[in-house]
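So the structure is just underneath, and the comments pick up after that.
Protein chains: 2
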Amino acid sequence: MATLSDVARRAGVSPATASRVINGSSKPVTDELRERVLAAVAELQYVPNAHAQLLARSHRSAVGVIVHDVSDPYFAEITRGLQRVATDQGRLLMICNSYRDPDRELEYVELLRGHQVAALILAGSGYHDEAFTRQLNEKLAAYEATGGRVAVIGRHEHSGDAVMPDNRTGGYLAGRELCGLGHRAIGVVAGPRILTTTTDRLAGLRQALTEQGRELPEPRIRYAEFDRDGGAEATARLLDADPELTAIVALNDSMAIGALATVRARGLAVPQQISVLGFDDMPIARDVTPALTTVRLPLVDMGVRAMSLVLGVGAPTPRVEVLPAELVRRDTAGPVPLSTRATAGSAPRARRGDTTS
Amino acid sequence: MATLSDVARRAGVSPATASRVINGSSKPVTDELRERVLAAVAELQYVPNAHAQLLARSHRSAVGVIVHDVSDPYFAEITRGLQRVATDQGRLLMICNSYRDPDRELEYVELLRGHQVAALILAGSGYHDEAFTRQLNEKLAAYEATGGRVAVIGRHEHSGDAVMPDNRTGGYLAGRELCGLGHRAIGVVAGPRILTTTTDRLAGLRQALTEQGRELPEPRIRYAEFDRDGGAEATARLLDADPELTAIVALNDSMAIGALATVRARGLAVPQQISVLGFDDMPIARDVTPALTTVRLPLVDMGVRAMSLVLGVGAPTPRVEVLPAELVRRDTAGPVPLSTRATAGSAPRARRGDTTS
DNA sequence: TACCGCAGAGAAAGCCCTTTCCCGCAGGGA
DNA sequence: TCCCTGCGGGAAAGGGCTTTCTCTGCGGTA
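In order, the protein sequences belong to chains A and B.
Okay, so the first sequence: first residue is 1 according to the numbering used here, each after it adds one.
Okay, so the second sequence: first residue is 1001 according to the numbering used here, each after it adds one.
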């Protein structure tokens, strides 16, 4: 691997001059030397050693991002927003997947700190786990003490800058919609209960039902992985226990898609026999059939805000931006089936086939 | 930011000893000093400067990956495979999105080289662009000359290690399937024509049709972006020009989903009035309604192979592994509608509504 | 008792850059 | 003619770490 001094030697100049030419330093260099250096660079296929550069100019520029999984559309959208701002500012992003493993999350904070990132963004749900939360906060505080900036997306545990999707209101909107359509027997396909995202959304949902004099008993909530297969499986358990369910709320769209698959596999018509609601409004939501009724979160915007927060000048006080959730009515939520409206909670099997497509 | 010498000073030892303790060097250190160093590390919240470390031990370990877009399911799957092997081997991955921009691709090769990666993996389609291909090959060759390993996934341009999905056969399988179902008026929703993936798949498709005495005239191929919206738009153009089409082959699943959306928007029943085929078999393919008939590529496996190739010991000769494509029959491809079977190519509007759902 | 060997610790030489500081030289003003 | 200024270039000092080499002091053997 060619080094800067190789280039300098070949060009017959000092490493200092070579460096100046290569980095377009403000210090003037005569055209002749410049040419010679450039020629040497080309001949040797010289590429500066990034680590040496980063070490020499102790000038933090990259931004670290920790998400659960970039290939999950939820995070893909957020990341798109992050990228947009970062690219505008000429910042490099280092993106790490924690795969919802708290330990890995902690490790990545260290790793990114070690890589001298200028800022750190943690996106994704927080955990109901005191010990972990404390540890994370310590690490984050240590990082901030050295001048690093931190922002979180959708997590309560950090006391500094944050952008928070309004999960609770989102859950509330879903609940109110379903109540408005007359549903009483509502099942919930939930993500892991250790995630604050799950409990926040659930809380909003429960509030809406309670206000309408409905209940949400614990057996009507099934917890599973926050993905398609988790949704499919939880829905199956729900339906096995409670065949008279007229609506299912999935706590994210991936789970909703799994729910749809299970429901379809059991020959239930959506929304005629059973309604399904999603959450997040991922791009695919409009493309499934029937198109998914869901609660939209401004994912890209969340990314944009978080990155702006973290790169923003000034802003001495920690800021928390709450971004609103919004109900998107499409085709998977309909009025409660007539046959069950009067007798909700009884007549378990009577419904099947009542309405034909 | 605390440094190693801060730690050493605090522990009352030399930096050398501190380093040895922190990195678990093989050189023995007495327990007492070890404890003191560890305590100092904890108190100072010390994290080694990764750049300094990487610079000091000139020991390349990370692997660079260049894909079009990790959040595209195609690459997400491949990346999953890459990750699996990398994690097993304790390697860090640096993943870069080129967004199908050749210049950006070139830049990333340099960037990753500068970051001293031990190997480089390029995944995604190649380009029909002589100048670019030559430049890329030069850069890759220069990198390999310094001991770097390179593997490509699905690209022809590199002469070394490669894993190639059998795009051509995949296209062939799609064509044969459609011919078997009696289709003659077949439209193609293709990705950018500059991509070799597009042309390979197209070539296989064309071969199948030719063998069956069918034709694939150029106007029946519409090129667009390789994503959902590109597919929707190309399908619209196709249908506008050729309302009598009985089948559409989309050259990837994202486009197929867009095609499905357009077809549905025009009130055509799938597969009764029109068949739609996808390509890749992304996870979502089974969840759309009707479930997508498509050509499966072993995406995760492609990633696993490529990473193994590049990290593999020995293997002096460049190896090319071709991974087979496979037709997955689901619900979007059916026999050609009766009304058109005899009159294919004429009676433009007659078909609509022939079969009712 | 003298010497050898070795364990455990530190000194110092890099790793490859950037950047400050300094130097020589040429040109312009007094 | 002399001095000052300013420009273009190089020397050298880091930046934070790893690792080799060196040194000290101890135990064991002859």
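Beta carbons: idealized from backbone N, C-alpha and C, even for Gly.
Just so it is clear, the structure is predicted and the values come from calculations on it, not from any experiment.
### Query
Where does residue 1251 of chain B fall in DSSP's three states?
Reduced to three states, the DSSP call for residue 1251 of chain B is coil.
### Query
If you draw a straight line from the C-alpha of residue 1214 of chain B to the C-alpha of residue 1200 of chain B, how long is it?
Straight-line Cα distance between these residues: approximately 18 angstroms.
### Message
Measuring only the C-alpha atoms, how far is residue 293 of chain A from residue 328 of chain A?
### Response
Each residue's alpha carbon lies about 6 angstroms from the other.
### Task
Please list the partners that residue 116 of chain A has in chain B, where partner means a Cβ-to-Cβ separation under 9 angstroms.
Proximity of chain B to residue 116 of chain A at the Cβ level (cut-off 9 angstroms) is accounted for by 1001, 1049, 1050 and 1051, in chain order.
### Query
Can you find a C-beta in chain A that's less than 8 angstroms from the C-beta of residue 1144 of chain B?
Not an interface residue.
### Query
Which stretch, first to last residue, makes up the alpha helix (DSSP H) that contains residue 107 of chain A?
For residue 107 of chain A, the enclosing alpha helix (DSSP H) covers residues 102-114.
### Message
So with CB distances below 8 angstroms, who are the chain A contacts of residue 1110 of chain B?
### Response
Going along chain A in sequence order, the residues near residue 1110 of chain B (Cβ under 8 angstroms) are 47.
### Query
Below 8 angstroms, can you find three or more Cβ-Cβ pairs linking the segment 93-103 of chain A to the segment 57-68 of chain A?
The segment 93-103 of chain A vs the segment 57-68 of chain A: in contact.
### Query
Among residues of its own chain, excluding the 5 on either side of residue 1128 of chain B, which ones have a beta-carbon nearer than 8 angstroms to its beta-carbon?
Excluding sequence neighbours, residue 1128 of chain B sits near 1193, 1194, 1195, 1196 and 1199.
### Task
With DSSP as the reference, label residue 228 of chain A as helix, strand or coil.
Reduced to three states, the DSSP call for residue 228 of chain A is helix.
### Message
Assuming residue 1283 of chain B and residue 1270 of chain B are in contact, meaning their beta carbons sit under 8 angstroms apart, how far apart are those beta carbons, in whole angstroms?
### Response
Contact flag wrong, Cβ pair sits at about 20 angstroms.
### Query
Where DSSP assigns a beta bridge to residue 1127 of chain B, which residues make up the other side?
In the DSSP assignment, residue 1127 of chain B forms a beta bridge with B:1195.
### Message
Buried or exposed, going by whether 16 or more other CB atoms sit within 10 Å of the CB of residue 1254 of chain B?
### Response
So residue 1254 of chain B counts as buried.
#### Entry: Spatial distance of residue 1055 of chain B from residue 33 of chain A (CA atoms)
In a straight line, the C-alpha of residue 1055 of chain B is about 29 angstroms away from that of residue 33 of chain A.
### Message
Checking the sheet assignment: what are the DSSP bridge partners for residue 1179 of chain B?
### Response
As computed with DSSP, residue 1179 of chain B is found in no beta bridge at all.
### Message
Could you tell me which whole alpha helix (DSSP H) segments of length 4 or greater appear in the segment 47-98 of chain A?
### Response
If only uninterrupted alpha helix (DSSP H) runs of at least 4 residues are considered, those enclosed by the segment 47-98 of chain A are 50-56 and 73-88.
### Task
Flag this pair as yes or no: are the beta carbons of residue 81 of chain A and residue 300 of chain A separated by less than 8 angstroms?
A Cβ-Cβ contact shorter than 8 angstroms links residue 81 of chain A with residue 300 of chain A.
### Message
Please list, in chain order, the chain B residues whose beta carbon lies closer than 7 angstroms to that of residue 113 of chain A.
### Response
At a beta-carbon threshold of 7 angstroms, the residues of chain B lying near residue 113 of chain A are 1047, ordered along the chain.
### Message
Tell me which residues of the segment 1208-1241 of chain B have at least one Cβ-Cβ distance to chain A shorter than 9 angstroms, keeping chain order.
### Response
For the segment 1208-1241 of chain B, the residues whose beta carbon sits under 9 angstroms from a beta carbon of chain A are, in order, 1228.
### Partners in chain A for residue 1284 of chain B, counting only beta-carbon separations shorter than 7 angstroms
At a C-beta separation below 7 angstroms, residue 1284 of chain B has these neighbours in chain A: 284.
### C-alpha gap between residue 151 of chain A and residue 160 of chain A, whole angstroms
Annotation: residue 151 of chain A to residue 160 of chain A spans about 7 angstroms, alpha carbon to alpha carbon.
### Task
Look at the alpha carbon of residue 5 of chain A and the alpha carbon of residue 1167 of chain B, and state the distance between them as a whole number of angstroms.
Each residue's alpha carbon lies about 46 angstroms from the other.
### Message
residue 220 of chain A and residue 242 of chain A - do their beta-carbons sit closer together than 8 angstroms?
### Response
Yes, they are a contact pair.
### Task
Could you please give the first and the last residue of the uninterrupted alpha helix (DSSP H) stretch that includes residue 165 of chain A?
Residue 165 of chain A: not part of any alpha helix (DSSP H); member of the beta strand (DSSP E) spanning 161-165, first to last residue.
### Message
Please list, in chain order, the residues of the segment 1253-1274 of chain B that have any C-beta partner in chain A closer than 9 angstroms.
### Response
Cβ contacts with chain A: 1257, 1258, 1260, 1261 and 1264.
### Query
At a Cβ threshold of 8 angstroms, is residue 1071 of chain B touching chain A?
At least one chain A Cβ lies under 8 angstroms of residue 1071 of chain B.
### Task
Note down, in chain order, every chain B residue with its Cβ under 9 angstroms from the Cβ of residue 287 of chain A.
For the C-beta of residue 287 of chain A, the chain B residues within less than 9 angstroms are, from N- to C-terminus, 1228, 1257, 1258, 1260, 1261, 1284 and 1288.
### Task
Have a look at A:24, A:137 and A:217 and flag the residue whose alpha-carbon is nearest the alpha-carbon of residue 158 of chain A.
Among A:24, A:137 and A:217, the Cα nearest to that of residue 158 of chain A belongs to A:137.
### Message
Looking at chain A, is there any beta carbon in it that lies within less than 8 angstroms of the beta carbon of residue 1016 of chain B?
### Response
False, the Cβ-Cβ gap to chain A never drops below 8 angstroms.
### Query
Helix or strand or just coil, what does DSSP make of residue 1169 of chain B?
DSSP places residue 1169 of chain B within a helical segment (H, G or I) once states are collapsed to three.
### Query
By the 10 Å Cβ neighbour count, where 16 or more other Cβ atoms means buried, how is residue 276 of chain A classified, buried or exposed?
Buried, by the Cβ-count rule.
### Task
Anything in chain B within Cβ reach of residue 364 of chain A, meaning under 9 angstroms, just list it in chain order.
There is no way to answer for residue 364 of chain A, as the model of chain A reaches only from 1 to 357.
### Query
Can you tell which of A:35, A:14, A:1 and A:73 has the C-alpha that lies nearest to the C-alpha of residue 297 of chain A?
Comparing alpha carbon positions, the residue from A:35, A:14, A:1 and A:73 closest to residue 297 of chain A is A:73.
### Message
Less than 7 angstroms between C-beta atoms, sequence neighbours within five positions excluded: which residues of the same chain meet that for residue 179 of chain A?
### Response
The beta carbon of residue 179 of chain A sits closer than 7 angstroms to the beta carbons of 208, 209, 212 and 214 from its chain, once the five residues preceding and following it are set aside; these are given in chain order.
### Query
Is residue 260 of chain A near residue 304 of chain A, with beta carbons less than 8 angstroms apart?
One thing to note: residue 260 of chain A has its Cβ no nearer than 8 angstroms to the Cβ of residue 304 of chain A.
### Query
Are three or more beta carbon pairs between the segment 130-146 of chain A and the segment 168-175 of chain A nearer than 8 angstroms?
Counting Cβ pairs under 8 angstroms, fewer than three are found: no touch.
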